[in-house]
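A.B. asks: Dropping a structure here in structure tokens format, bear with me for questions.
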Amino acid sequence: QQNVQQSPESLIVPEGARTSLNCTFSDSASQYFWWYRQHSGKAPKALMSIFSNGEKEEGRFTIHLNKASLHFSLHIRDSQPSDSALYLCAVTPYGGSGNKLIFGTGTLLSVKP
Amino acid sequence: GGIITQTPKFLIGQEGQKLTLKCQQNFNHDTMYWYRQDSGKGLRLIYYSITENDLQKGDLSEGYDASREKKSSFSLTVTSAQKNEMAVFLCASSIGGRQNTLYFGAGTRLSVL
Numbered sequence: 001q002q003n004v005q006q007s008p009e010s011l012i013v014p015e016g017a018r019t020s021l022n023c024t025f026s027d028s029a030s031q032y033f034w035w036y037r038q039h040s041g042k043a044p045k046a047l048m049s050i051f052s053n054g055e056k057e058e059g060r061f062t063i064h065l066n067k068a069s070l071h072f073s074l075h076i077r078d079s080q081p082s083d084s085a086l087y088l089c090a091v092t093p094y095g096g097s098g099n100k101l102i103f104g105t106g107t108l109l110s111v112k113p
Numbered sequence: 114g115g116i117i118t119q120t121p122k123f124l125i126g127q128e129g130q131k132l133t134l135k136c137q138q139n140f141n142h143d144t145m146y147w148y149r150q151d152s153g154k155g156l157r158l159i160y161y162s163i164t165e166n167d168l169q170k171g172d173l174s175e176g177y178d179a180s181r182e183k184k185s186s187f188s189l190t191v192t193s194a195q196k197n198e199m200a201v202f203l204c205a206s207s208i209g210g211r212q213n214t215l216y217f218g219a220g221t222r223l224s225v226l
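Going down the list, the protein sequences come from chains R and B.
Under my numbering, the first residue of the first sequence is numbered 1, with each subsequent residue one higher.
Under my numbering, the first residue of the second sequence is numbered 114, with each subsequent residue one higher.
Given below as structure tokens:
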């Protein structure tokens, strides 16, 4: 059974800071890796995904994936108050139909002006 | 674009009551999901369905039933509500497959007296 954990549980950073969020998973055969963002009282929305080891950058956001270390991360450059939200990592396990998506425990980010 | 509509938005039940939550999507997506979110934490998968009349159990299926009678709708039943239970139930849909992005509804907030 896939176990997906996030750290830290919550984080407060000043506006303009570089923020790092971490996610660990238990099965190195896991295939696809996602970050979702949920603003307070709203639906979660997909932010970014990565499918192979390495790094992927989109604007101020960068994902790093290291399958051997069972770890992937999200880095936010020049954090803004509008980035304040619950960040959820998610993993597609190996096998089956591929439709199953296992979410992590969440990191609550607060960016202070 | 499409939308996922969850009804009701708020649901108050009594201990032991059977409660049904409904979800409709107009994306024409094959796969639909039910997740539970406690106290702004991570999401736990209850059931998912990869096509009409298909049901797949998630890690949290005990105490719940699901039904997918049409491609566009997916319902979830809490078979016996637990006293003081409070959670948000999120419905999502996707095209399907391993590289799929999930699109979420706004959620149903459940309180059990």
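Built from N, CA and C at the ideal position, the CB exists for glycine as well.
Out of curiosity, what's the CA-to-CA distance linking S207(B) and N141(B)?
C.D. replies: Going from the Cα of S207(B) to the Cα of N141(B) covers about 9 Å.
A.B. asks: To which residues does DSSP link T118(B) through a beta bridge?
C.D. replies: Paired residue(s): Q137(B).
A.B. asks: For Y160(B) versus L168(B), is the C-beta distance shorter than 8 Å?
C.D. replies: Result yes, Cβ atoms of Y160(B) and L168(B) sit closer than 8 Å.
A.B. asks: Looking only at C-alpha atoms, which of T118(B), L203(B), Q130(B) and I117(B) sits nearest to K196(B)?
C.D. replies: Cα-wise, what sits closest to K196(B) is Q130(B).
A.B. asks: Please confirm if I102(R) has its CB atom under 8 Å from at least one CB of chain B.
C.D. replies: Yes, I102(R) counts as interfacial toward chain B.
A.B. asks: Out of G171(B), G210(B) and L156(B), which one is the CA nearest neighbour of T144(B)?
C.D. replies: Closest option to T144(B), Cα to Cα, is G210(B).
A.B. asks: Shorter than 8 Å from the beta carbon of T221(B) to some beta carbon of chain R?
C.D. replies: By this cut-off, T221(B) is not an interface position.
A.B. asks: Residue range of the beta strand (DSSP E) that P14(R) falls in?
C.D. replies: P14(R) -> beta strand (DSSP E) spans S10 to P14.
A.B. asks: Taking only beta-carbon atoms, is N213(B) less than 8 Å away from chain R?
C.D. replies: Yes, its Cβ sits closer than 8 Å to a Cβ of chain R.
A.B. asks: Counting only Cβ-Cβ distances shorter than 8 Å, please list the residues of the segment 150–179 of chain B near chain R, keeping chain order.
C.D. replies: So the list reads G153, K154, G155, L156, R157, L158, Y161, I163, Q169, G171 and D172, given in the order they occur along the chain.
A.B. asks: Report the three-state DSSP secondary structure of S82(R) (helix, strand or coil).
C.D. replies: DSSP places S82(R) in helix when its eight states are reduced to three.
A.B. asks: Looking only at its chain, what residues have a beta carbon closer than 6 Å to the beta carbon of K56(R), apart from the 5 residues adjacent to it on each side?
C.D. replies: So the qualifying residues of the chain are I50 and I63.
A.B. asks: Does Y87(R) have its Cβ less than 8 Å from a Cβ in chain C?
C.D. replies: Chain labels in this structure do not include chain C; the protein chains are R and B.
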